[in-house]
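Numbering (full-length UniProt numbering), first residue to last: 1 to 332. The beta-carbon is built from N, C-alpha and C at its ideal position, and this holds for glycine as well. Written out below as structure tokens is the structure these notes cover.
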Ligand SMILES: NC(=O)c1ccc[n+]([C@@H]2O[C@H](COP(=O)([O-])OP(=O)(O)OC[C@H]3O[C@@H](n4cnc5c(N)ncnc54)[C@H](OP(=O)(O)O)[C@@H]3O)[C@@H](O)[C@H]2O)c1
């Protein structure tokens, strides 16, 4: 369907006759999702046939994590990574990859059974912890290696989010991210303080412990100009005000903390994958925009993939340094 009133954006057809009507945009996005899901089902059916012809150790539970599990272990040291908010979306995508690569992963969940259901094989390097990510003690308990408590995590992947109520244009918890970041920073400080006391005379030096904090934030909150397409500005302004205020406060705390942080700002999130579509990376440092990329959508799976490949996987070898202290926009 093309013609007057419709515009193709990033491969998706939008009715632009009434762009201030949020329902119009949301319905367009939903209809795209449905179409995309149908395409994915066909792709899944084909790739499933392909897996079944391979030895079982070559695949995991989701085709997005399809690769040789030991391949990364040969070239990279196994890391210890804490995951906050990984029962779904971007966080689960990053977690799947970290588990498949052999890293020790500690995931804090309000309902561990929800995440356990995603990993029916019960990988030995995935450790589920029950708790609320707003609780400092629960977060602090995830910051050390489960079987070697002297070893602290190399990175934390933070992807907390609330459930959007579109009728009221708010979240079930409007402060979900700011409270989560406050708890994370307090937990890091608490572990440092506790270890500093233990450090006397020991070889463990907690003062040099600086885990990489990879945090999912959002586009639409830049201080350096518009980082979303013009067409989305009314939607972002009216519909997403509440989550964006929460993210602004969360990012401010992060950047003022002095920790090694990367704020990852995805454009509008969709489900599914577009493996052949390149991910464009927008970079903003303290001095302003270093690389400008503006787009409409990206999938949760691709956000998690990018975060794993570029941040978590490189957390302790300087490979993520180019993004540290910066906000990184991701879009197709
Ligand atoms: N929607 C968009 O277009 C868009 C665009 C840019 C950025 N974002 C942001 O991107 C982030 C990730 O989104 P997503 O869709 O990938 O995430 P999601 O699927 O909504 O997952 C959110 C996660 O946070 C967890 N969580 C929430 N509060 C918690 C708490 N107090 N303690 C422990 N866990 C808690 C949830 O756990 P439970 O399973 O227990 O609920 C879930 O694992 C969100 O902050 C979202 O606002 C969204």
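Residue i versus residue j: straight-line alpha-carbon distance, rounded
| i | j | result |
| --- | --- | --- |
| residue 333 | residue 90 | Here the chain comprises residues numbered 1 to 332, so residue 333 is not present and cannot be evaluated. |
| residue 170 | residue 198 | 44 Å |
| residue 276 | residue 301 | 13 Å |
| residue 268 | residue 84 | 21 Å |
| residue 240 | residue 174 | 11 Å |
| residue 236 | residue 149 | 43 Å |
| residue 142 | residue 108 | 7 Å |
| residue 182 | residue 310 | 25 Å |
| residue 47 | residue 246 | With a pLDDT of 33 at residue 47, under the threshold of 50, the modelled position of that residue is not reliable, and the figure given next carries that caveat. Answer to the nearest angstrom: the Cα atoms are 40 Å apart. |
| residue 210 | residue 155 | 8 Å |
| residue 225 | residue 286 | 14 Å |
| residue 218 | residue 193 | 32 Å |
| residue 137 | residue 117 | 25 Å |
| residue 92 | residue 223 | 29 Å |
| residue 248 | residue 255 | 11 Å |
Heavy atom of ligand 1 within 8 Å of residue i beta-carbon
| i | result |
| --- | --- |
| residue 117 | no |
| residue 134 | yes |
| residue 105 | no |
| residue 161 | yes |
| residue 168 | no |
| residue 266 | yes |
| residue 77 | no |
| residue 109 | yes |
| residue 337 | Absent from the structure is residue 337, since the part of the chain shown begins at 1 and ends at 332. |
| residue 219 | yes |
| residue 173 | yes |
| residue 90 | yes |
| residue 142 | no |
| residue 87 | yes |
| residue 269 | yes |
| residue 243 | yes |
| residue 287 | no |
Range of the contiguous alpha helix (DSSP H) that encloses residue i
| i | result |
| --- | --- |
| residue 308 | 300-310 |
| residue 335 | Nothing in the structure corresponds to residue 335, since the chain is present only between 1 and 332. |
| residue 112 | 112-116 |
| residue 291 | It is not in any alpha helix (DSSP H) - residue 291 instead sits in the beta strand (DSSP E) that spans 288-291. |
| residue 137 | 136-140 |
Cβ neighbours of residue i in the same chain (closer than 7 Å, five flanking residues each side left out)
| i | result |
| --- | --- |
| residue 306 | 279, 330 |
| residue 98 | 81, 105, 308, 312 |
Extent of the continuous beta strand (DSSP E) to which residue i belongs
| i | result |
| --- | --- |
| residue 168 | Unbroken run through residue 168: none, as it is neither H nor E. |
| residue 89 | Careful: residue 89 lies outside any beta strand (DSSP E), inside the alpha helix (DSSP H) at 89-100. |
| residue 254 | Here residue 254 belongs to no beta strand (DSSP E); instead the alpha helix (DSSP H) covers 241-256. |
| residue 337 | In the structure as shown, the chain begins at 1 and stops at 332. Residue 337 is therefore absent and cannot be evaluated. |
| residue 215 | 212-216 |
| residue 284 | 280-285 |
| residue 149 | 148-152 |
| residue 119 | Neither: residue 119 is in no beta strand (DSSP E) and is coded neither H nor E. |
6 Å Cβ shell around residue i - same chain, five flanking residues per side excluded
| i | result |
| --- | --- |
| residue 72 | In this prediction, residue 72 has a pLDDT of 46, which is less than 50 and means its spatial position is unreliable; what the coordinates show is noted afterwards. Hits under 6 Å: 101. |
| residue 185 | 257 |
| residue 158 | 84, 215 |
| residue 327 | 263, 265, 284 |
| residue 250 | 177, 178, 181 |
| residue 121 | none |
Contacts around residue i, its chain only, beta-carbon distance under 8 Å, and the 5 residues preceding and following it disregarded
| i | result |
| --- | --- |
| residue 318 | none |
Does the stretch 262-280 come close enough to the stretch 289-297 to have 3 or more Cβ pairs within less than 8 Å? yes
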